[in-house]
Structures are given as structure tokens and as C-alpha cells.
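A.B. asks: Residue numbers (my numbering), protein chains in the order written: chain D, 1 to 148; chain R, 149 to 296. I'd like to ask some things about the structure below.
Number of protein chains: 2
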Amino acid sequence: MHGEQMAEDFPVVSVDSDAREAVELLASRRLPGLIVVETDGTPYSVLPASQVVRFLVPSYVQDDPSLARVIDESLADQVADKLSGVTVRKLLPREPAELPAVKHDDTVLEIAALMARLRCPLVVVLRDKEIIGAITASRLLELVIQPH
Amino acid sequence: MHGEQMAEDFPVVSVDSDAREAVELLASRRLPGLIVVETDGTPYSVLPASQVVRFLVPSYVQDDPSLARVIDESLADQVADKLSGVTVRKLLPREPAELPAVKHDDTVLEIAALMARLRCPLVVVLRDKEIIGAITASRLLELVIQPH
């Protein structure tokens, strides 16, 4: 079995796409993160859902978490404003993590070895530099725990 | 809205439970991780799926990833052996990350602030030290992006 057969569809967004739509996708499909590509389609990074939460929490609460208890303002009320007119690039951390990639003909063991080394929950699968899907750690476990 | 209303069921395993069953649960439900509790039910840690992959990759491949390409042995063949008679405790990293916990009456903003600070994708919700559920980052986003 190779990367090609292991890959599954996974939502991909561009750095230039609308932030609100990206967050709606994360939320409605309950994804742990999205794959982010450059404008030309090159894999760029992963946007973890926890990073979006970080973007949405007001900076005065990040600086002093005890304020969260006493502030009467709803987080939901601020979210629409904060995401309005913003691109996905703005949501990414200042130093985005590089997205791990494997090749379509890599073996299960090669892919597992990369996941193990980088402790990453998701890798993209490339054929000729094009994303053909992604493999999550739990997908890989599914494949090795039920041998074909 | 408080932690209580936000919490959802999430699989919980004990450190003493069977490793193979835990991995099957991760795989069949495609979970990014499991909540791990002490024998007495106290929240202990999260077992990420990527950590299980790490446990399963043979140490000689972890030491020299280039071996993964040339080794003819299937990962699936080794997995059954490696998980046999092993408990979840054995799968955890040597220094397991502390599981972030919130209280049943914490507000959305308090929970978001904790997730943001710890960059964690999942928190457990406690009432009187008992786990009543968990909140993922994408669940929180769902709740703040569709205001009630």
C-alpha cells in the first residue's frame, strides 16, 4: 500500500481566501484544522482550529486570563467583526509550521516514520507537486490495525 | 453559555485499559486522540493518535528513517505483536502532557482563553472533579460563529 491509496479528501483553503468561510468550514465539519496552500496551489501550512480560537480571543484577555471571568461581552458578538474582510493568511501564526508532505508512492512505513518523527497528526500526499489528498494519524492506524 | 452546555461526549480510557482496544477506538472513530484517566477516574492526559503511530514505528526506523524505504516487512504485521498484552500507559509519551480542564460553569470566553493560551485542541469539562464531557476547538468555533 502506498500514499496514493491511503490518501483521503481533505479541505484545502488558499492563504488569500475568506477567513470567515474557512472558520465556518472548520466549525461545520468539526475539523481539527485545514490545509492551507499558497495562491499558486503549493502546500503552505496547516491552520489548526486552536489557532483560530487564539486569533478570536481578545488580546486583553490573552494578556490577563482572569479578565475572562468578569467580562460581560459575549465572544460570539466579537467574532463576526474580527473575521470581517480578513483572509486566511491573517489567521495563521506569525511563524506557520511547515506542512509535512509525502509522495504518492511512499510506503505506509515511510509515512508512519515521518508522522512519528514530526509528531504530526496530518500529512498531505503529493503527486508531481500537486495535492491529491491527506492522511491523518487515525487513518493510518485504521489501515495498519485491519490488515488487508 | 457555560462549559456544561458546551461539553460533548468524548471517549475516555483508563491508563490500565487494553492498548489494542484503545487503538481500535481511535482508528474506527477516526479520532485525533483519546482522553486518558487514572485508575480512579482522575483526568490524566490525552493520547494523540500521532503518539500511537510513534509507538508502532520500529525503533530502528525511527533512528534511521531511510530504512523505511528498503524494509520489506509490513507495518501491519508488526502492530498486532506490539500491542499484545500492553496497556494504554505504555503508549503514552514518557512525559505525558497534562490534560487541560475547565469547570462546568466556566464561560465560553474563559474556555477560549485557556485553549488559546495552551494552544490545545481539546479540554475536558469537570463537575466536582468528575469528567462530564469534552470541548474541541472546532466545537467552540461552531458555538461562537453561530450565535444563539
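Backbone N, C-alpha and C define an ideal beta-carbon position, used for all residues, glycine too. Owing to the predicted nature of the structure, the values given are computational and were not obtained by experimental measurement.
So the beta strand (DSSP E) Arg178/R belongs to, where does it begin and stop?
C.D. replies: Taken as a continuous stretch (DSSP letters only), Arg178/R belongs to no beta strand (DSSP E), as it is neither H nor E.
A.B. asks: Take the Cβ of Ser50/D as the centre, count every other Cβ of all protein chains shown within 10 Å, and call the residue buried at 16 or more, exposed below.
C.D. replies: When all chains shown are included, Ser50/D counts as buried.
A.B. asks: Who are the Cβ neighbours of Val292/R in its own chain at under 7 Å, not counting the five residues just before and after it?
C.D. replies: Hits under 7 Å: Val256.
A.B. asks: Which whole-angstrom value is the C-beta distance of Leu31/D and Ser286/R, which I expect to be below 8 Å?
C.D. replies: About 6 Å; that satisfies the 8 Å criterion.
A.B. asks: Flag Ala97/D as yes if its beta-carbon sits less than 8 Å from any beta-carbon of chain R, otherwise no.
C.D. replies: No - not a single Cβ of chain R is within 8 Å of the one on Ala97/D.
A.B. asks: For Gln62/D, return the contacting residues in chain R, with the cut-off set at a CB-CB distance below 9 Å.
C.D. replies: Within 9 Å Cβ-Cβ: Ala261, Ala264, Arg265.
A.B. asks: Counting C-beta neighbours from all protein chains within 10 Å, is the total for Glu45/D 16 or more, i.e. buried, or is it exposed?
C.D. replies: Glu is not the amino acid found at residue 45/D; the sequence shown has Ser there. Burial call: buried.
A.B. asks: Counting only the same chain and skipping the five closest in sequence on each side, list residues whose C-beta sits under 8 Å from that of Val12/D.
C.D. replies: If we look at Val12/D and ignore the five residues flanking it on each side, its Cβ neighbours are Leu34, Ile35, Val36, Val37, Ile131.
A.B. asks: Arg133/D bridges to which residues according to DSSP?
C.D. replies: This sequence places Gly at residue 133/D; Arg is not what is there. Per DSSP, Val125/D.
A.B. asks: Identify the residues that DSSP records as bridge partners of Thr235/R: which are they?
C.D. replies: Answer is Asp166/R.
A.B. asks: Starting from the N-terminal side, write out each stretch of the beta strand (DSSP E) that is 3 residues or longer and does not extend beyond the segment 32-117 of chain D.
C.D. replies: Runs found: 33-37, 43-48, 101-103.
A.B. asks: Anything in chain R within Cβ reach of Arg69/D, meaning under 9 Å, just list it in chain order.
C.D. replies: Result: Asp254, Thr255, Leu257, Glu258.
A.B. asks: Step through the CB atoms of chain D and report whether any lies within less than 8 Å of the CB of Leu288/R.
C.D. replies: Output row for Leu288/R: interface = yes.
A.B. asks: Taking all protein chains shown into account, decide if Ala80/D is buried (16 or more other Cβ within 10 angstroms of its Cβ) or exposed.
C.D. replies: Ala80/D is exposed by the Cβ-count criterion.
A.B. asks: Listing by chain order, which chain D residues have their CB less than 9 Å from the CB of Ser165/R?
C.D. replies: Result: empty, since nearest Cβ-Cβ is about 16 Å, beyond 9 Å.
A.B. asks: Taking 8 Å as the limit between beta carbons, can you name the residues of its chain near Leu92/D, skipping five residues before and five after?
C.D. replies: Excluding residues within five positions, the ones whose Cβ falls inside 8 Å are Val15, Val36, Ser45, Leu47, Gln51.
A.B. asks: Distance, Cα to Cα, His296/R vs Asp77/D?
C.D. replies: In this prediction, His296/R has a pLDDT of 43, which is less than 50 and means its spatial position is unreliable; what the coordinates show is noted afterwards. In a straight line, the C-alpha of His296/R is about 10 Å away from that of Asp77/D.
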